[in-house]
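With the sequence shown counted from 1, adding 5 to any position gets you our numbering.
Glycine is no exception: its CB is placed at the ideal position from the N, C-alpha and C atoms.
Written out below as structure tokens is the structure these notes cover.
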Amino acid sequence: MREAVDDFAAHLAGVRNRSAHTVRAYVADVVSLLDHARRMGCAQPADLDLTVLRSWLAKQRTTGAARSSLARRAAAARTFSAWAHRSGLLPTDVAAALASPRARRELPTVLRADQAAALVEAPGTPERTPPDGNADAYPGGGDAPAEPTAEAVLLRDRALLELLYGTGVRISEACGLDTADVDHGRRVVRVLGKGSRERAVPYGIPAQRALDEWLRRGRPVLAAPHSRDALFLGARGGRLNPTTARRIVGTYAEAAGLPRISPHGLRHSAATHLVEGGADLRAVQELLGHSSLASTQIYTHVSVERLRAAYRQAHPRA
6 MREAVDDFAA HLAGVRNRSA HTVRAYVADV VSLLDHARRM GCAQPADLDL
56 TVLRSWLAKQ RTTGAARSSL ARRAAAARTF SAWAHRSGLL PTDVAAALAS
106 PRARRELPTV LRADQAAALV EAPGTPERTP PDGNADAYPG GGDAPAEPTA
156 EAVLLRDRAL LELLYGTGVR ISEACGLDTA DVDHGRRVVR VLGKGSRERA
206 VPYGIPAQRA LDEWLRRGRP VLAAPHSRDA LFLGARGGRL NPTTARRIVG
256 TYAEAAGLPR ISPHGLRHSA ATHLVEGGAD LRAVQELLGH SSLASTQIYT
306 HVSVERLRAA YRQAHPRA
């Protein structure tokens with residue numbers, strides 16, 4: 006069965022062009038499924054049937070798996086079954102009829118517009134200490150940065166926060182940007198999103214100013230031979246990694262007295278403010294890089310919830 010799992014992983018990465026995160030999650034689910042099937046007497050993938058699949062999901066549910074986790078595991082099982090059938094490992098696509106619970110769409114945490122502005126402007130405060138101005142924030146550890154480096158880090162943080170909120174890109178997409186991906190004339194960044202789908206995302210004047218300052222006065226200070234063309238750099242000169250970027254967002258939000266927020270929360274905030282400002286849902290879908298409009302429609306729900314809250318607070322007959 007191990008060979009089948011390895012081939013399935015190669016199919017997800019090479020043919021389906023799934024992200025490394027998705028490949029890891031699906032492979033882990035399939036390994037769990039095949040282990041459960043082995044315990045039920047299945048010696049090879051061809052022995053799988055719908056009863057085994059349902060038994061596996063039922064066991065997951067009894068151990069407390071969330072509805073969203075069950076939905077993903079069922080999706081992994083269906084994907085594996087369809088692939089195994091096409092590959093000749095299964096006589097039929099046994100998971101085609103496998104039902105799964107519909108995952109509840111939780112409303113994302115978002116900042117108000119004034120809170121988002123306070124967050125992205127926070128690194129410009131002279132007395133504020135850079136979030137990665139300590140040993141834990143550096144990929145290789147080390148002492149706190151010297152003054153020129155500290156200023157460069159502040160400029161980088163400001164540019165990163167402005168770009169995240171100004172474009173709504175994912176943190177992995179922002180960290181993966183190269184300097185050539187920024188079209189300064191048109192104020193557009195070229196982003197490589199999920200499934201290697203490329204899209205152009207515009208950004209505003211505040212992000213332009215922050216990026217210009219970072220590229221002119223900040224990046225040259227942190228740049229090293231191994232920096233290559235990375236747009237955002239860590240304090241050691243390498244490409245800024247998403248873990249450090251998440252810490253940057255969280256630290257500035259905490260220092261500004263804002264609700265706990267992640268880069269994904271900042272992405273939610275950007276999308277919500279676009280919808281509340283009257284942006285067309287299809288345009289927001291394109292900006293965010295959603296493959297389905299259903300993923301974007303949650304932001305209309307957020308706006309309706311805010312409207313309800315305002316109504317309950319203000320209307321005498323609420």
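ask   = DSSP puts Val206 in a beta bridge; with which residues?
value = Val194
request  = Could you check what DSSP says for Ala235 in three-state terms: helix, strand or coil?
outcome  = strand
query = Can you list, in chain order, the residues of its chain whose CB lies under 6 Å from that of Pro258, leaving out five sequence neighbours each side?
reply = Just to set this straight, residue 258 is Ala in the shown sequence, not Pro. These residues qualify, in order along the chain: Leu124, Ile266.
ask   = Any chance the segment 41–54 sits against the segment 95–103, with 3 or more Cβ pairs inside 8 Å?
value = yes
ask   = Grouping DSSP H, G and I as helix and E and B as strand, with all else coil, what is Val187?
value = strand
inquiry  = Rounded to whole angstroms, what is the Cα-Cα separation between Val28 and Glu152?
reply    = 42 Å
inquiry  = Relative to the C-alpha of Thr114, which candidate in Ala18, His273, Gly19 has its C-alpha closest?
reply    = His273
task = Please report how far the alpha carbon of Ala82 lies from the alpha carbon of Ser24, in whole angstroms.
result = 17 Å
ask   = When you compare only the Cα positions, how much space is there between Pro211 and Pro264?
value = 23 Å
query = Helix or strand or just coil, what does DSSP make of Arg244?
reply = strand
key: Ala102 classed as buried or exposed, judged by whether at least 16 other C-beta atoms fall within 10 angstroms   = exposed
Simplified DSSP assignment, three categories, for Thr114 = coil
request  = Measure the beta-carbon distance from Gln213 to Arg192 and round it to whole angstroms, keeping in mind my assumption that it falls under 8 Å.
outcome  = 6 Å
message = I'd like the list of long-range same chain contacts for Thr172, defined as Cβ closer than 6 Å, with 5 residues on each side in sequence excluded.
response = Val206, Tyr208
task = Along the alpha helix (DSSP H) that carries Arg91, what are the first and last residues, could you check?
result = 72–91
query = Are the segment 160–180 and the segment 268–284 touching, with three or more C-beta to C-beta distances below 8 Å?
reply = yes
request  = Buried or exposed for Arg20, please, with buried defined as at least 16 other CB atoms from any protein chain shown within 10 angstroms of its CB.
outcome  = Just to set this straight, residue 20 is Val in the shown sequence, not Arg. It counts as exposed.
query = Quick one: what's got a C-beta closer than 7 Å to His16's C-beta in the same chain, skipping five residues either side?
reply = Trp88
inquiry  = I'd like the ranges of any alpha helix (DSSP H) spanning at least 4 consecutive residues and lying wholly in the segment 41–74.
reply    = 55–67
query = Is it true that the CB of Thr184 sits closer than 9 Å to the CB of Ala240?
reply = no
message = So, with DSSP's three-state summary, where would you put His16?
response = helix
message = Using the three-state DSSP reduction, which class does Leu160 fall into: helix, strand or coil?
response = helix
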